[in-house]
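In the working numbering, the protein residues as written are 8 to 530. Accompanying notes for the structure given below.
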Amino acid sequence: MRRSTGGLAVERRFKDVADMLQDYIPSLKMASDDSASDSSSQPLSRERVKLLSSNTNSSSASPDRDPSFKCFSVSDLKKKVMAGLCKNCEKEGQWRYLVLGQACCHLGLMEDAMALLQTGKRLATAAFRRESICWSDDSFSLSNFHLSDDIISSANAPATPPRILTESETVTHLLSHIKLLLRRRTAAIAALDAGLYSEAIRHFTKIVDGRRGAPQGFLAECYMQRASAYRSAGRIAEAIADCNRTLALEPSCIQALDTRASLLETIRCLPDCLHDLEHLKLLYNAILRDRKLAGPTWKRHNVRYREIPGKLCVLTTKIQQLKQRVASGETGNVDYYALIGLRRGCSRSELERAHLLLCLRHKPDKATIFIDRCELADDRDVDSIRDKAKMSALLLYRLLQKGYSSVMTTIMEEEAAEKQRKKLLLHLEQLSSSGMQLQVTQTQESFIESSLPPLVVPILVIGIIIIVSTIISSIIIVCIRRHRKLKQQRRRSKGCFAETLRWLGICCRRLGLTAQLQLSMRH
Numbered sequence: 008m009r010r011s012t013g014g015l016a017v018e019r020r021f022k023d024v025a026d027m028l029q030d031y032i033p034s035l036k037m038a039s040d041d042s043a044s045d046s047s048s049q050p051l052s053r054e055r056v057k058l059l060s061s062n063t064n065s066s067s068a069s070p071d072r073d074p075s076f077k078c079f080s081v082s083d084l085k086k087k088v089m090a091g092l093c094k095n096c097e098k099e100g101q102w103r104y105l106v107l108g109q110a111c112c113h114l115g116l117m118e119d120a121m122a123l124l125q126t127g128k129r130l131a132t133a134a135f136r137r138e139s140i141c142w143s144d145d146s147f148s149l150s151n152f153h154l155s156d157d158i159i160s161s162a163n164a165p166a167t168p169p170r171i172l173t174e175s176e177t178v179t180h181l182l183s184h185i186k187l188l189l190r191r192r193t194a195a196i197a198a199l200d201a202g203l204y205s206e207a208i209r210h211f212t213k214i215v216d217g218r219r220g221a222p223q224g225f226l227a228e229c230y231m232q233r234a235s236a237y238r239s240a241g242r243i244a245e246a247i248a249d250c251n252r253t254l255a256l257e258p259s260c261i262q263a264l265d266t267r268a269s270l271l272e273t274i275r276c277l278p279d280c281l282h283d284l285e286h287l288k289l290l291y292n293a294i295l296r297d298r299k300l301a302g303p304t305w306k307r308h309n310v311r312y313r314e315i316p317g318k319l320c321v322l323t324t325k326i327q328q329l330k331q332r333v334a335s336g337e338t339g340n341v342d343y344y345a346l347i348g349l350r351r352g353c354s355r356s357e358l359e360r361a362h363l364l365l366c367l368r369h370k371p372d373k374a375t376i377f378i379d380r381c382e383l384a385d386d387r388d389v390d391s392i393r394d395k396a397k398m399s400a401l402l403l404y405r406l407l408q409k410g411y412s413s414v415m416t417t418i419m420e421e422e423a424a425e426k427q428r429k430k431l432l433l434h435l436e437q438l439s440s441s442g443m444q445l446q447v448t449q450t451q452e453s454f455i456e457s458s459l460p461p462l463v464v465p466i467l468v469i470g471i472i473i474i475v476s477t478i479i480s481s482i483i484i485v486c487i488r489r490h491r492k493l494k495q496q497r498r499r500s501k502g503c504f505a506e507t508l509r510w511l512g513i514c515c516r517r518l519g520l521t522a523q524l525q526l527s528m529r530h
């Protein structure tokens with residue numbers, strides 16, 4: 008479903024407000040000195056509308072402060088906003104804080120939005136209190152309010168709340184939602200830093216799967232941080248899926264491209280890794296060409312402009328190394344066990360269970376559901392975002408299917424080898440129990456030609472030799488005992504030894520040694 012023209016106009020309005028008032032966004036004011044030295048800052052427009060007071064005396068932040076650092080104090084933001092903006096608030100009105108706060112919230116600048124909205128709400132309350140002190144009791148009657156002719160004519164209609172109350176309620180609900188999102192993200196980041204990856208994943212999942220939608224930029228950050236938690240927990244498929252969602256929302260996200268390339272290199276999927284690194288190289292070259300980071304100044308980045316040349320050199324070297332590995336033939340050695348999250352030597356049931364869970368989570372038809380809970384803030388069409396998300400999910404799904412087929416083939420080969428091994432051992436036991444040395448040579452050849460490991464064949468041959476020698480020795484012992492018995496019965500009989508040899512010939516004939524016995528009788 009495409010967005011309406013009104014929705015696009017609202018999005019452009021929020022971006023225009025943020026562009027015009029970017030000097031008054033608290034997080035940007037805290038890093039004003041650093042952004043002045045950084046060439047990524049955009050030149051200010053001469054025709055910028057000054058909606059807020061320009062005579063600010065707030066102290067600038069430290070020049071070593073990272074503009075992408077998000078864990079700053081909200082109280083400091085309030086102080087800076089109050090110091091810079093509230094001097095002429097009575098003349099200009101408090102609605103400017105609400106407009107800029109709503110714009111920051113819609114653009115994903117949640118800390119800035121909370122500081123601005125709280126300041127505007129507090130100033131509005133203070134102004135109303137100062138105005139109401141001077142009123143008499145009769146001033147609160149309906150006749151003293153500045154009402155239009157339409158409202159006066161419809162006095163008998165059901166009363167509606169004043170506009171200031173409706174706006175105040177809207178700000179209150181928006182502030183409560185912002186605080187809830189920030190509390191959950193703070194808890195998730197704390198769990199991630201403490202090594203509690205499952206807890207961090209749970210908190211981030213509450214944010215991205217909430218009933219109420221969240222801004223596009225804020226959701227992209229949460230998906231990226233949840234991908235880091237999945238990566239630390241060893242769940243590579245889920246981490247790649249979150250990187251795909253981040254890139255669908257923010258196509259120029261450097262951190263998402265770098266993380267996904269690193270994950271693909273971990274499982275030795277080198278062609279896809281090279282594709283992401285080449286895309287990242289194009290982004291670096293575009294930044295150096297434009298001499299600024301992608302997007303507007305108020306957009307948060309996890310990299311500084313001065314770091315781009317060094318990162319580009321490292322990236323170029325890494326791309327060359329990966330191309331050499333691909334040329335040497337390492338493309339078919341993908342670690343599907345790590346992708347699926349299984350140990351080597353796993354059973355068939357473990358593989359089927361893991362594959363079923365992954366298919367349910369990463370089915371391409373369900374890969375675009377997260378867009379419905381996202382408040383988009385750019386000019387791209389929703390269909391293009393859905394197509395990009397579905398395409399990346401389809402590539403991951405195909406990779407999982409290849410992994411399932413590869414691991415299943417390995418398991419089937421291991422099961423066939425184990426079945427053949429058991430069959431040969433059973434046949435050997437049957438030979439030893441019957442006491443017959445039939446087809447010993449053929450059995451040895453079958454052992455040599457079988458697909459058993461090289462150490463099993465000598466062990467089985469030695470076992471056969473021991474069994475045969477045991478059978479022969481037992482036959483000789485029986486013959487000797489028989490000979491002694493006949494010798495006791497017929498001590499002086501000359502045919503005792505001949506009869507013993509004849510009985511021995513009968514036994515040897517059963518073992519297939521008749522020819523050798525006849526030669527011995529002739530001699």
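For glycine and all other residues, C-beta sits at the position ideal for the given N, C-alpha and C.
- In this structure, the beta-carbon distance from SER399 to ASN251 falls below 9 Å.
- For LYS370, there is no enclosing alpha helix (DSSP H), as DSSP marks it with neither H nor E.
- Taking all protein chains in view, the Cβ of SER476 is surrounded by fewer than 16 other Cβ atoms within 10 Å, so the residue is classified as exposed.
- Here ALA195 is not bridged, per DSSP, to any residue.
- The three-state secondary structure of GLU257, taken from DSSP, is coil.
- For CYS320, the secondary structure class from DSSP, reduced to helix, strand or coil, is helix.
- With respect to ALA263, GLU257 sits close: the two C-beta atoms are nearer than 9 Å.
- At a Cβ-Cβ threshold of 9 Å, ALA374 and ALA396 count as neighbours.
- For HIS308, there is no enclosing alpha helix (DSSP H), since its DSSP letter is neither H nor E.
- When DSSP states are grouped into helix, strand and coil, ALA201 belongs to the coil group.
- For ASN292, the uninterrupted alpha helix (DSSP H) run begins and ends at 277-297, by DSSP.
- Counting along the chain, the unbroken alpha helix (DSSP H) around LEU346 starts and ends at 343-347.
- Residue pairing from DSSP places GLU382 in a beta bridge opposite PRO222.
- Distance check between GLY339 and each of LEU287, LEU406, ASP379, ASP388 places LEU406 closest, using alpha-carbon atoms only.
- Taking 9 Å as the cut-off, the beta carbon of MET231 is found closer than this to the beta carbon of THR266.
- Exclusion of the five residues before and after LEU365 leaves ALA244, ILE347, LEU407 as the residues of its chain whose Cβ lies within less than 7 Å of its Cβ.
- The residue among ALA198, ILE185, ASP386 with its C-alpha nearest the C-alpha of ALA221 is ILE185.
- Sorting CYS112, GLN328, ARG103 by C-alpha distance to the C-alpha of TRP305 places CYS112 at the top.
- ALA227 and GLY352 have their C-alpha atoms some 37 Å from each other.
- In this structure, the alpha-carbon of ILE326 lies about 25 Å from that of ARG242.
- For SER139, the enclosing alpha helix (DSSP H) has its first and last residue at 117-140.
- Under the three-state reduction of DSSP output, CYS353 falls in the coil class, being neither helix nor strand.
- Here ALA246 is buried: its Cβ has 16 or more other Cβ atoms, across all protein chains shown, within 10 Å.
- In this structure, LEU116 and SER34 form a Cβ contact; the two beta carbons are roughly 7 Å apart against a cut-off of 8 Å.
- Straight-line spacing of the CA atoms in ALA110 and LEU124 works out to 10 Å.
- Distance from the CA atom of ARG489 to the CA atom of GLN495, rounded to whole angstroms, is 10 Å.
- Non-local C-beta neighbours of ILE32 in its own chain, meaning closer than 6 Å and more than five positions away in sequence, comprise ASP119, TRP305, ordered along the chain.
- For ALA110, the uninterrupted alpha helix (DSSP H) run begins and ends at 102-113, by DSSP.
- Taking a 10 Å sphere around the C-beta of SER481, we find fewer than 16 other C-beta atoms and assign the residue as exposed.
- Taken atom to atom, the span from the alpha-carbon of ILE471 to that of ARG509 is near 28 Å.
- If you compare the alpha carbons of ILE479, LEU105, THR253 with that of ARG393, the shortest gap goes to THR253.
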